[in-house]
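Peer 1:
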Amino acid sequence: RHLANKMRYTNVPGQQSLNQIDAMDMLILLDLIGDKSVQFQNFFDRTTGKYYNRLRDI
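If you count the sequence shown from 1, you need to add 103 to reach this note's numbering.
1) Going by DSSP, what residue range makes up the alpha helix (DSSP H) through Leu-158?
2) According to DSSP, is Gln-123 part of a helix, a strand, or is it coil?
3) Could you check what DSSP says for Thr-108 in three-state terms: helix, strand or coil?
4) Quick check: Ala-107 and Ile-124, are their CB atoms within less than 8 Å of each other?
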């Protein structure tokens with residue numbers, strides 16, 4: 104909650120009308136993913152394909 108509140112009231116540099124929360128395209132909690140054996144599938148390619156592909160390649 105603290106981080107979300109801080110991001111809500113912190114503007115993106117050079118964008119006084121845009122806070123950090125509104126500027127985010129996605130939030131990934133990496134500590135919840137698990138180990139290397141975890142596999143993901145993209146069921147929403149039309150809307151999330153570009154993000155899925157970028158994360159898959161990491």
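Yeah, the Cβ is synthetic: ideal placement off N, Cα and C, and Gly gets one too.
Peer 2: According to the structure shown:
1) 148-159
2) helix
3) Here the sequence assigns Asn to residue 108, which means Thr is not the residue at that position. Here Asn-108 sits in helix by DSSP.
4) yes
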